[in-house]
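**Q**
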Amino acid sequence: MICPKCQYQRNPYERVPEWQCPSCGVAYHKYESIKEEIIIEREEREQEEQDIIHRIAEFRPFANFCIALFFGYSIYFLIAGENSMGVVWPIILGSSLLNLCRSMINTGIFFHVNNKLMPKEKHPTNFKVELVAVFFGGVWLLYVGFINFVSNGW
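Spelled out as C-alpha cells, the structure:
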C-alpha cells in the first residue's frame, strides 16, 4: 500500500498496524476523509467568493451613480451659493439615498474603509451603522426639500 500523504511504499515486514503509515504515522482512512472534507470546504469557499463578487458587481453601478450625483450637487452648491439649494436637488438626493439603502439591503454590500465594497457578513455592525446613516441622510434631505417646497414653492 502507498501512503496518500507521504507516498511511502509499505513493505510486507513493517511492524505497524495495517491501517497506519510506517513513515509518517497517518491513518490511511482518516487522511482520505479529511482530504475530501478539505476539498468540499475549498469548493464552498470559492462559491461564496463568487457570490460576493457577483453581489458587488450588482451594487457598484448604482453606488457610483449616487456618489457622482452627490459630488455634482456639492460642486453646484459651492459655486452657486446657498440660495440655489432649491427644492429639486434635496428631493433627488434624498430619494437616491433611500434607493441606495434598498440596494444595500438587497445585495448585502456596503462601503468599508477607503470606499472598498464589502459584504455585510464580514462586518455586520459596520453594515448596520452605514445603512442607518444613509437612511437618515436620505430622510433628512427629503425633509429639507419638503420644507423648501412649503416655504418657497417650486
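For the sequence shown, the numbering used here gives the first residue as 1384, with consecutive numbering after it. Here a beta-carbon is modelled for each residue, glycine too, at the ideal position from N, C-alpha and C.
#1: I'd like the list of long-range same chain contacts for glutamine 1392, defined as Cβ closer than 7 Å, with 5 residues on each side in sequence excluded.
#2: Touch check for the region 1393-1412 and the region 1422-1433: three-plus C-beta pairs under 8 Å?
#3: Straight-line CA distance for tyrosine 1459 to phenylalanine 1453?
#4: Excluding the five sequence neighbours on either side, which residues of its own chain have a C-beta within less than 6 Å of the C-beta of lysine 1388, listed in chain order?
#5: If contacts are defined as beta-carbon pairs under 8 Å, then methionine 1501 and isoleucine 1488 qualify, I think. What distance do you get, rounded to the angstrom?
#6: Can the beta-carbon of leucine 1480 be found closer than 8 Å to that of leucine 1514?
**A** This is what the structure holds:
#1: In chain order, Ile1385 place their CB closer than 7 Å to the CB of glutamine 1392, counting only its own chain and leaving out the 5 sequence neighbours on each side.
#2: Because the criterion of three Cβ pairs below 8 Å is not met, the region 1393-1412 and the region 1422-1433 do not touch.
#3: Tyrosine 1459 and phenylalanine 1453 have their alpha carbons spaced roughly 10 Å apart.
#4: Taken in chain order, the residues that qualify are Cys1407, Val1409 and Tyr1414.
#5: Actually they are not in contact, since the Cβ atoms of methionine 1501 and isoleucine 1488 sit about 15 Å apart, beyond 8 Å.
#6: Contact: no.
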